[in-house]
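Notes to accompany the following structure.
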Amino acid sequence: MKTSGTIKTETRNRNAWSRMRTCDCCGKPESVRKDNTSTTCKSCAARKAGAIGLVTIQARAKPKILKPRESKQIKRRCETCAHDFTVAQSVVASTSNSSARFCSRPCYHAFLASTPRVRGRGSRW
Numbered sequence: 595m596k597t598s599g600t601i602k603t604e605t606r607n608r609n610a611w612s613r614m615r616t617c618d619c620c621g622k623p624e625s626v627r628k629d630n631t632s633t634t635c636k637s638c639a640a641r642k643a644g645a646i647g648l649v650t651i652q653a654r655a656k657p658k659i660l661k662p663r664e665s666k667q668i669k670r671r672c673e674t675c676a677h678d679f680t681v682a683q684s685v686v687a688s689t690s691n692s693s694a695r696f697c698s699r700p701c702y703h704a705f706l707a708s709t710p711r712v713r714g715r716g717s718r719w
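Taken in order, the sequence shown gives residues 595 to 719; the numbers are from the working numbering.
Okay, structure coming up:
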């Protein structure tokens with residue numbers, strides 16, 4: 595038993611939840627929800643926002659003029675070989691773990707190996 599035909603559906607009353615809006619920029623009429631307070635359509639709003647974003651990007655991309663920096667080098671003397679060397683001031687600062695007491699790694703290792711202890715812990719390097 596086959597029945598043919600269309601099933602009747604209820605038609606919704608669009609006027610109950612929508613209103614007609616005309617875009618301020620392009621004049622395009624469209625149906626929007628009643629609680630939508632925007633006066634422009636989506637494409638015009640996106641175009642405005644994109645233009646504002648582009649201006650911001652271009653303003654941030656301008657090259658900045660950098661001032662020439664002074665050399666902040668400090669002269670130090672190696673504790674192992676008494677050789678004079680220069681080191682950046684930031685290395686000597688208290689925020690760094692380095693103290694710039696040695697001119698090279700071999701001098702640092704020579705200092706570590708020369709321990710005054712003869713017996714016990716730390717006596718053999």
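Positions of the beta carbon are idealized from the N, C-alpha and C atoms, including for glycine.
The residue from Ala643, Lys669 and Arg663 with its alpha-carbon nearest to that of Ala694 is Lys669. Judged by DSSP secondary structure, Arg715 falls outside any beta strand (DSSP E); it is assigned neither H nor E.
If you ignore the 5 residues before and after Ala682, its C-beta comes within less than 7 Å of the C-beta of Lys666 and Gln667, all in its own chain and listed in chain order.
Contact between Thr674 and Ala704 holds, since their C-beta atoms are separated by about 5 Å, short of 8 Å. Around the C-beta of Cys697, 16 or more other C-beta atoms lie within 10 Å, and the residue is accordingly described as buried. For Thr650, no beta strand (DSSP E) segment is defined; the enclosing uninterrupted segment is the alpha helix (DSSP H) at Lys636 to Arg654. For Ser708, the secondary structure class from DSSP, reduced to helix, strand or coil, is coil.
Apart from sequence neighbours up to five positions away, the residues of its chain that approach Lys628 with a beta-carbon distance below 7 Å are Trp611, Ser612 and Arg613, ordered along the chain.
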